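Student: From first to last, the protein sequence lines are chains F and C.
In terms of my numbering, the first sequence opens at residue 52 and continues consecutively.
In terms of my numbering, the second sequence opens at residue 52 and continues consecutively.
Number of protein chains: 2
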Amino acid sequence: MEPPYWAVIFTNQRRDDDQDEEYDRTAQRMEQLAREVPGYVGIESVRDGSGFGITVSYWESEDAIAAWRNHPEHLETQARGRRDWYERYELRVARVERTASFDA
Amino acid sequence: MEPPYWAVIFTNQRRDDDQDEEYDRTAQRMEQLAREVPGYVGIESVRDGSGFGITVSYWESEDAIAAWRNHPEHLETQARGRRDWYERYELRVARVERTASFDA
Chain F
52 MEPPYWAVIF TNQRRDDDQD EEYDRTAQRM EQLAREVPGY VGIESVRDGS
102 GFGITVSYWE SEDAIAAWRN HPEHLETQAR GRRDWYERYE LRVARVERTA
152 SFDA
Chain C
52 MEPPYWAVIF TNQRRDDDQD EEYDRTAQRM EQLAREVPGY VGIESVRDGS
102 GFGITVSYWE SEDAIAAWRN HPEHLETQAR GRRDWYERYE LRVARVERTA
152 SFDA
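Set out below in structure tokens:
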């Protein structure tokens with residue numbers, strides 16, 4: 052997709068790095084729900100063994116981000132994340148202005 | 052730091068997920084060099100066992116990003132990365148407009 056578009060950069064530290072099937076299942080469910088939001092572009096996510104993770108989701112517009120942020124099931128999950136799963140997180144909403152890529 | 056500021060989102064796939072001391076040493080060196088660039092704000096980086104990684108660096112201005120992009124030792128390392136280390140990557144320059152955070 053050509054810029055401009057939007058990115059939500061979510062950097063987070065899990066409270067423990069144990070396997071947690073419910074966390075993983077919920078993360079998959081959130082990704083599935085996000086895909087259904089008009090204006091969704093894509094998502095990339097990675098977590099290391101220490102429980103530190105970065106997820107970046109991409110959106111066509113700020114309205115699409117607002118629709119996702121306020122999705123009822125997503126709101127419930129956000130509260131669950133603060134209660135049970137995350138030690139800390141930072142969320143940054145950014146407008147993508149330029150891109151470059153490489154493919155060997 | 053209060054927005055607006057800038058983020059460079061670098062998502063990448065290593066060619067293999069083997070331990071590679073030279074890669075790790077070079078990544079540390081690049082982070083050290085980046086810190087010396089005026090306008091550097093911070094960096095967050097994570098890679099999983101499959102060799103997929105996301106690094107987000109933060110900058111005060113587009114000029115700071117340009118200075119880092121064109122740093123001679125960094126230019127050499129970029130070429131090395133395309134030749135030896137990366138299967139593919141995407142680089143996105145984005146302007147951070149809003150932030151939120153949580154700390155348990």
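We put the CB at the ideal spot given by N, CA and C, even for glycine.
Since the model is a prediction, treat every value here as computed from it, not as a measurement.
Thinking C-beta only, is R131(F) closer than 9 Å to T77(F)?
Tutor: yes
Student: Do the segment 86-104 of chain C and the segment 99-114 of chain F meet, that is, are 3 or more Cβ pairs less than 8 Å apart?
Tutor: At 8 Å Cβ cutoff, the stretches touch.
Student: Using the beta-carbon of each residue, which ones in chain F are nearer than 7 Å to Y137(C)?
Tutor: F153 and A155
Student: Taking C-beta pairs closer than 8 Å, name the residues in chain F that V144(C) reaches, listed in chain order.
Tutor: V147, E148, R149 and T150
Student: Where does the unbroken alpha helix (DSSP H) through W136(C) begin, and where does it stop?
Tutor: Where W136(C) is concerned, there is no enclosing alpha helix (DSSP H), given that its DSSP letter is neither H nor E.
Student: Reducing DSSP to helix, strand and coil, say where D75(C) ends up.
Tutor: Helix, per DSSP.
Student: Please report the residue range of the beta strand (DSSP E) in which R120(C) lies.
Tutor: Looking at the DSSP string, R120(C) is not in any beta strand (DSSP E); the run it does join, the alpha helix (DSSP H), is E113 to R120.
Student: Are V144(F) and V144(C) touching if we call contact CB-CB under 9 Å?
Tutor: Going by C-beta atoms, V144(F) is not nearer than 9 Å to V144(C).
Student: Please list the residues of the segment 88-106 of chain F that have a C-beta atom closer than 7 Å to any C-beta atom in chain C, keeping them in chain order.
Tutor: E95, V97, R98, D99, F103, G104 and I105
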